[in-house]
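Each residue of the sequence shown is one higher than the one before, starting from 23 at the first, in my numbering. We put the beta carbon where it would ideally sit given N, CA and C, even for glycine. Since the structure is predicted, the reported quantities are computational estimates derived from the model, not experimental observations. Each remark here refers to the structure printed beneath this line.
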Amino acid sequence: MIKKSIHLIAAARPNFMKIAPLYHALSKEPWAEPIIVHTGQHYDVNMSDAFFNDLNLPDPHINLGVGSGTHAEQTGRVMIAYEKELLKNRPDLTVVVGDVNSTMAATLAAAKLGVKVAHLEAGLRSFDRSMPEEINRIVTDSLADILWTPSIDGDENLKKEGIAQEKIERVGNIMIDSLEMLRPVIEKQKVCKELNIKPKNFGLVTLHRPSNVDKPDVLKSITQSLVQISEKLHLVFPIHPRTRKNLAQTGYLELLTDCSTITVTVPLIYIKFMNLLFNARLVITDSGGIQEETTYLGIPCLTLRPNTERPITINQGTNRLCKADTFSIEVTNILNNGLLPHNIPELWDGATAGRITKSINGFINQQDSPES
Ligand code: UD1
23 MIKKSIHLIA
33 AARPNFMKIA
43 PLYHALSKEP
53 WAEPIIVHTG
63 QHYDVNMSDA
73 FFNDLNLPDP
83 HINLGVGSGT
93 HAEQTGRVMI
103 AYEKELLKNR
113 PDLTVVVGDV
123 NSTMAATLAA
133 AKLGVKVAHL
143 EAGLRSFDRS
153 MPEEINRIVT
163 DSLADILWTP
173 SIDGDENLKK
183 EGIAQEKIER
193 VGNIMIDSLE
203 MLRPVIEKQK
213 VCKELNIKPK
223 NFGLVTLHRP
233 SNVDKPDVLK
243 SITQSLVQIS
253 EKLHLVFPIH
263 PRTRKNLAQT
273 GYLELLTDCS
283 TITVTVPLIY
293 IKFMNLLFNA
303 RLVITDSGGI
313 QEETTYLGIP
323 CLTLRPNTER
333 PITINQGTNR
343 LCKADTFSIE
353 VTNILNNGLL
363 PHNIPELWDG
373 ATAGRITKSI
383 NGFINQQDSP
393 ES
């Protein structure tokens, strides 16, 4: 049997968790040959290699090595490098995930060569085009041949944009597959002990969005709020490279490192970060994936953004949007009153990779059939 080659585009930290369960599911299928294409958008050991290790992924089969740059530079470099790969070895399907620059760039390169593209985590919209990710989502969804959505709002957004119903398939949330796949290893970690903090007695902080960390006045206000909150609840803050660079440049890094009630760390590997998340009293973040993981785990989440492309985490889950100057009050509210009732959205069940594998099989068979 000639196997069908399926490119899985990996690029940046949140994408590795999304391709891992799919890679493992496809590897078990006799008809499928999953090929990991790392664009190199993230390259630090803690932002990339360590994730491959934790997620039991092999080294990438193809590495485009594009690195950092402006949006146009990064997007252009991925397009040029991926087009070369596509011309050498044309896959039966390219799977892109999430909403980073590499997702859009790989989609553009593949679609222009007539290679079929599937988008995992399709249909999410913040309706805020000042976010680079929103542009990446819109472009990717408008070109993809298969759109796998995590929740019903995704289906509705795509239909409103005129995407044909037959291209849309609700498969659920792949991040929950990664979490459940590694739960035993995550639970074995002893990160609280290593950091000398008490389980369920600290807040976990992650911030990296340009809107929060690129403007010195906003960064200052957030830093001051964190110091103030830490007087009520100890904070643990693994700092993203973008954020660290800006904190160091503005001189605010010392406000955090000098504060005895804030534990600052380098970006943590997946199993260690998730172990902290399992044990957190609450989370303060601007990440997309963490809004979902906290909803699934029933942990209060304060999202430092004016909007979210994941409204289901607010309607059904544990998430609340807040501003730099009000999140201190929100923390007090949660500490005093706990959370409103919440539940886990439909199909966030750890079985998403299986549904996608079936979908790919059906799509590829349809492409092969003489009538298509
Ligand atoms: C990117 C994604 C964002 C995602 C985030 C997760 C886009 C537009 N943004 O943002 O959606 O939520 O990844 O982390 O695609 N850097 C390092 N080491 C690395 C990677 C980056 O030091 O391994 C530094 C570089 O200075 C780089 C900066 O971080 O310029 C930003 O990296 P980049 O990939 O451009 O964007 P992120 O902020 O990580």
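- Between the stretch 272-288 and the stretch 195-208 there are fewer than three inter-stretch CB-CB distances shorter than 8 angstroms, so the stretches are not counted as touching.
- Burial of M296 is indicated by the presence of at least 16 other C-beta atoms within 10 angstroms of its C-beta.
- The three-state reading of DSSP puts L326 in coil, since its state is none of H, G, I, E or B.
- Counting C-beta pairs with one atom in each stretch, the stretch 177-187 and the stretch 262-271 have fewer than three that are closer than 8 angstroms, which means they do not touch.
- Between T129 and V161 a beta carbon distance of about 7 angstroms is seen, short of the 8 angstroms cut, so the two are scored as contacting.
- DSSP places R99 inside the alpha helix (DSSP H), whose first and last residues are 93-110.
- Between L298 and G91, the alpha-carbon positions lie close to 31 angstroms from each other.
- L275 and E55 have their alpha carbons spaced roughly 46 angstroms apart.
- About 11 angstroms separates the beta carbon of D163 from that of E156, a gap too long to meet the 8 angstroms contact definition.
- For K182, the secondary structure class from DSSP, reduced to helix, strand or coil, is helix.
- In terms of Cα proximity to D236, the closest of H262, F224, K220, L30 is H262.
- The residue among Y292, N158, N234 with its C-alpha nearest the C-alpha of D121 is N158.
- Out of R147, L255, E105, the CA that lies nearest to the CA of A131 is found in E105.
- If you keep only unbroken alpha helix (DSSP H) runs of at least 4 residues inside the stretch 214-291, you get 232-235, 238-251, 263-272, 275-279.
- A distance of 8 angstroms or more separates the beta carbons of I102 and D371.
- In this chain, the beta strand (DSSP E) harbouring S27 covers 26-32.
- Ranked by Cα distance from K210, the options P363, H83, I293, A34 are led by I293.
- In this structure, the beta-carbon distance from T325 to D308 falls below 8 angstroms.
- The beta-bridge partner set that DSSP reports for R342 consists of L324.
- The stretch 317-324 and the stretch 244-252 do not touch, with fewer than 3 CB-CB distances between them shorter than 8 angstroms.
- Linking A144 to V193 through their CA atoms gives a straight-line distance of about 10 angstroms.
- In the structure shown, P36 falls within a helical segment according to DSSP collapsed to helix, strand and coil.
- Just so you know, the alpha carbons of H230 and I356 end up roughly 23 angstroms apart.
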